[in-house]
Amino acid sequence: MTFPDPTTIFTRSWSLYDLLTEYNYMYHREIYAGIEDLLRLRDDQGQYHLLDLGCGNARYLAPCLRRLPPATYEGVDLSEAALAEAREYLAELPSQVTLTLGDLLKAVESTGKTWDVLFTGFAIHHLMPDDKKRFFRAAGRCLSDKGWLILVDVLREENQDRENYLDGYLKFMRETWTKVPQDQLEEACAHVRDHDYPESLSTLREMASETGLNSIRLISRFAQHHTLLFSRSALAKG
Ligand SMILES: C[S@@+](CC[C@H](N)C(=O)[O-])C[C@H]1O[C@@H](n2cnc3c(N)ncnc32)[C@H](O)[C@@H]1O
Numbered sequence: 272m273t274f275p276d277p278t279t280i281f282t283r284s285w286s287l288y289d290l291l292t293e294y295n296y297m298y299h300r301e302i303y304a305g306i307e308d309l310l311r312l313r314d315d316q317g318q319y320h321l322l323d324l325g326c327g328n329a330r331y332l333a334p335c336l337r338r339l340p341p342a343t344y345e346g347v348d349l350s351e352a353a354l355a356e357a358r359e360y361l362a363e364l365p366s367q368v369t370l371t372l373g374d375l376l377k378a379v380e381s382t383g384k385t386w387d388v389l390f391t392g393f394a395i396h397h398l399m400p401d402d403k404k405r406f407f408r409a410a411g412r413c414l415s416d417k418g419w420l421i422l423v424d425v426l427r428e429e430n431q432d433r434e435n436y437l438d439g440y441l442k443f444m445r446e447t448w449t450k451v452p453q454d455q456l457e458e459a460c461a462h463v464r465d466h467d468y469p470e471s472l473s474t475l476r477e478m479a480s481e482t483g484l485n486s487i488r489l490i491s492r493f494a495q496h497h498t499l500l501f502s503r504s505a506l507a508k509g
């Protein structure tokens, strides 16, 4: 089964992704605990501005932000179903919350604001290489001097091609995502096969450094799931 575009699975069956995260098959619990620790390091608590690109339902970021609220939170996603849930998950935030239905690349390229934290979770691997470059260029433009780009995503190993990556990830899914009903597991596998284009760490580093984001830190890694922090300088404290 193939899907017409990379986000169809999220617009059509958001609940499948939510089920995967419920079972923690992509390490959301550990990853977002690390993100909370990271955000705690910023010295602009309560005042920072955060743009969440491909926010989904913000289910795992919302609790971190409740404890470390930004002044403003804007979430962008193509899935109306996810945004409807995001509204609920973010309801208790004291921040000014805006949720926008739209394309994340267009959003980051057209924003007129300066952001202290750009966050993106498991969304950038859907972009083709040229669009990933556009993403980093736009991020470099709209981040504040001490701004952070926090990128959570699947990565390929150095020198691993996409086919080899896919073989490994599909094997990982079939062996570990055992509580997902068979037909839904196959749907998820088809989505990954058709639409996942992860890069290696060194490729992302190159794309980012071309835009002035010269510092890159690996915050965490759980199997293929990485959290990276990009900033202009190694003194990344906000
Ligand atoms: C795997 S989910 C991740 C959700 C959440 N950020 C997380 O970490 O769990 C990917 C989300 O990115 C959204 N997405 C993918 N490509 C997008 C695009 N080009 N523009 C806006 N949203 C996009 C999908 O609709 C989906 O909600």
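Per this note's numbering, residue 272 is the first one in the sequence shown, and the count goes up by one each step. C-beta: ideal position from N, C-alpha, C; glycine also.
Skipping 5 residues on each side, what residues in its chain have a beta carbon closer than 8 Å to that of residue i?
i: Cys-460; result: Leu-441, Met-444, Arg-445
i: Gly-305; result: Ile-490, Ser-491, Thr-498
i: Pro-275; result: With a pLDDT of only 46 at Pro-275, under 50, the local geometry of the prediction cannot be trusted, and the value read off the model is given with reservation. None.
i: Glu-428; result: Tyr-436, Ser-471
i: Ser-504; result: Asn-485, Ser-486
i: Trp-448; result: Leu-291, Tyr-294, Tyr-296, Leu-456, Ala-459
Round the Cβ separation of residue i and residue j to the nearest angstrom and send it over; I've been treating them as touching at under 8 Å.
i: Ser-415; j: Thr-385; result: 5 Å
i: Tyr-344; j: Leu-361; result: 7 Å
i: His-396; j: Asp-348; result: Contact doesn't hold; Cβ gap of about 15 Å is too wide.
i: Met-478; j: Phe-407; result: 5 Å
i: Asp-424; j: Pro-469; result: 7 Å
i: Pro-365; j: Pro-334; result: In fact, because the Cβ distance is near 14 Å, the residues do not count as touching under 8 Å.
i: Val-388; j: Ala-410; result: Actually they are not in contact, since the Cβ atoms of Val-388 and Ala-410 sit about 11 Å apart, beyond 8 Å.
i: Leu-475; j: Phe-390; result: So it is not a contact: roughly 15 Å between Cβ atoms.
Can you tell me where the alpha helix (DSSP H) with residue i in it begins and where it stops?
i: Asp-438; result: 433–447
i: Gly-305; result: 299–311
i: Tyr-288; result: 285–293
i: Glu-351; result: 351–360
i: Ser-480; result: 472–480
i: Leu-376; result: 375–381
Which residue comes first and which comes last in the beta strand (DSSP E) that contains residue i?
i: Ile-487; result: 486–493
i: Gly-418; result: 414–425
i: His-397; result: Unbroken run through His-397: none, as it is neither H nor E.
i: Glu-457; result: Note, Glu-457: premise wrong, no beta strand (DSSP E); alpha helix (DSSP H) at 453–466.
How long is the line joining the alpha carbons of residue i and residue j, rounded to whole angstroms?
i: Leu-290; j: Cys-326; result: 16 Å
i: Asp-401; j: Phe-501; result: 19 Å
i: Met-399; j: Gly-346; result: 22 Å
i: Gln-495; j: Leu-426; result: 6 Å
i: Leu-372; j: Tyr-303; result: 23 Å
i: Ile-487; j: Asp-374; result: 25 Å
i: Ser-350; j: Leu-322; result: 16 Å
i: Thr-482; j: Arg-412; result: 8 Å
i: Asn-485; j: Asp-438; result: 32 Å
i: Leu-370; j: Leu-376; result: 15 Å
i: Gly-418; j: Gln-453; result: 43 Å
With a CB to CB cut of under 6 Å and the five nearest residues on each side skipped, what residues in its chain are close to residue i?
i: Tyr-294; result: Lys-450
i: Gln-455; result: Leu-287
i: Val-368; result: Tyr-344, Leu-361
i: Glu-301; result: Phe-493
Within its chain, find whatever has a CB closer than 7 Å to the CB of residue i; leave out the 5 residues flanking it on each side and keep chain order.
i: Gln-318; result: Ala-342
i: Lys-403; result: Ile-395, Glu-470, Met-478
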